[in-house]
Each structure stands twice: as structure tokens, then as C-alpha cells.
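Residue numbers (my numbering): 6 to 263.
Built from N, CA and C at the ideal position, the CB exists for glycine as well.
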Amino acid sequence: MAVERQISGSNPIHNFAIARPPSNSTTCFPSTDISVSAFNGGDCDAMNIRDALSEMLCSVHHFNHVQVCRDDQFNQDALIRGVILGWEDLQSRDFTCPLWGILKHIDALLMTHTAIATRLALLRGVHLMLLTRSCPDRPPALPPWFRPRARRNSPNQCSNPNDAISNYFAWPRFRQRLLASNSPRLTNRFWLYFVRNVQFEWPFSPTHTIDIDKDSGKYHFSMNWRNTMDIIQRFTMGPEFFDAYPECSGDMNPRCDL
6 MAVERQISGS NPIHNFAIAR PPSNSTTCFP STDISVSAFN GGDCDAMNIR
56 DALSEMLCSV HHFNHVQVCR DDQFNQDALI RGVILGWEDL QSRDFTCPLW
106 GILKHIDALL MTHTAIATRL ALLRGVHLML LTRSCPDRPP ALPPWFRPRA
156 RRNSPNQCSN PNDAISNYFA WPRFRQRLLA SNSPRLTNRF WLYFVRNVQF
206 EWPFSPTHTI DIDKDSGKYH FSMNWRNTMD IIQRFTMGPE FFDAYPECSG
256 DMNPRCDL
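Put into C-alpha cells, the structure is as follows:
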């Protein structure tokens, strides 16, 4: 059962659920033009999600670095509010960061029916990698298993969509598989199985997830949450994904019951 908590404040985050979504959740793409019927044909690409993601992620190379927010307090607050209150909550701010817009579109494209804890963890990882790409002179701290390969960091890598996307997956062996063999193909079918099965293993309540700074009123992740984010074993995949893509069974951590 989802654990709920009322967080008070001038802009309260109301009763959000940390646990996984209901099992009767059938589609992971409710905010796009893609419906479940688009996947009935197996590898049908009515709208190519891989190419859409590649375009979003590669846009980071065109931003002026002075536009990008490097303040982690602001960035954590923006991500938490975007996921839990809705991204429109950020529109009233005097300052906005273009990376927040990328997160908003990825969230809408893939994650609306994913558990809140998983959305927060995956988008936090994407955000840190985007900061690494946009501000290579002062990259954020990343766990060793998530650090990008020491090769080109330029728009040229966007000529291959798999190359552009691969560094944003948590698992090093899976990233290497994508680059070495272009397998599995990142079709719409792949993304359907991915978002239905990916999970950040976090058994704790919102009390242990999000804190609020009483002086600034900004939300931030708890130290326990941030420490857990550094543990790759907490990023898991459900059995349905491995049934569809058995070749990946050694590349990702299988879901465990905490």
C-alpha cells in the first residue's frame, strides 16, 4: 500500500505516494499522442520515442552555459516540485533552467504512470548527466558506475541516437551492450517494457525521502535518499522485461522484494 504524508508549507506538496503505482496501470505514455494500440504491432514506431529522446538530450549542447542552473538546492527543489506538484508549478519563477524543460518532457513522455520514487530517481540521474554534458568544466559528483565514458562530449555524438541515449542508463554493462551491438533496438516496444518494469528500490516513507529547508522553503532530498541513489543495486528491472529481452538478464539488476 502506498505510504502517504501531508507536507505542510506555503507551497505544500500534498499526500504523494512513494510506492509503485496500481497494478492496473496499463499505459506509460498518457501525456503523449502514443496509445497502447501503437505497441500492438510489436516494433511499431508510430512516433519514434528513441529519436524524440535523442533530440531532447542532444539539445543540451546548444544551451549557453550561463542559462543552466548549477545550484543544487534550486535543482533539487525544481525536480521535486515538478514531479509531485506538476511542472507548471515552476512557471511562476523568475528564473528557469532549460534543463528543467528537458526533464519535464522526458517525464511526460515516459514516466507519468511510474512510481514516484522511481520517477524522482531516474530524473535525478538524467539531470546530473545533463549537467555533466552542459557544464563539463564543473561537473556534478556522480557515482563511479554512472560516470560517462571518456570520449567525445559534443554534438557529433548525436549522429547516432543510441550513442546519445546510452550514457543515461544506470547499468554499465547495458550501456556497453548498446554501444557495441546496437542491441536491443530502442523501439517503442522496448520503452514500453522498460518503463513498466524499471524500479528504484526505496521502501521508506516520504518522511525519509524529502525534507524542506525552513529558511528558504525549498525542498531537497534526504541524505539517506542521496546515499541510496549511489547504490546501483537499487536500480532494478522486473521479470517482464527480461522475458522480452533475455539477452539483458546479466546486464541489469533483477527486482528484489525489500
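Within the DSSP secondary-structure output, residue 204 pairs in a beta bridge with 241.
The beta carbons of residue 170 and residue 135 sit no closer together than 9 Å. Between residue 234 and residue 204, the CB-CB gap reaches or exceeds 9 Å.
Residue 228 and residue 123 have their C-alpha atoms roughly 17 Å apart. Listed in chain order, the alpha helix (DSSP H) elements of length 4 or more contained wholly in the segment 173-231 are 177-186 and 193-202.
By the neighbour-count criterion, in which 16 or more other beta carbons inside 10 Å mark a residue as buried, residue 83 falls on the buried side. Per DSSP, reduced to three states, the secondary structure at residue 259 is strand. Three or more Cβ pairs drawn from the segment 211-225 and the segment 72-89 lie within less than 8 Å of each other, which places the two stretches in contact. In summary, residue 181 is exposed, with fewer than 16 beta-carbon neighbours lying within 10 Å of its beta-carbon over all protein chains present.
Selection 237, 69 and 81 evaluated against residue 261 yields 237 as nearest (Cα-Cα). Residue 62 and residue 231 have their C-alpha atoms roughly 23 Å apart. Residue 60: member of the alpha helix (DSSP H) spanning 54-63, first to last residue.
Ranking 55, 70 and 168 by CA distance to the CA of residue 103 puts 70 first. When the Cα atoms are used, residue 194 and residue 219 turn out to be separated by approximately 45 Å. Between the C-alpha atoms of residue 110 and residue 255 there is a straight-line separation of about 30 Å.
Annotation for residue 95: 83, 86, 87, 101 and 105 place their beta carbon closer than 7 Å to its own, counting only its chain and skipping 5 residues before and after.
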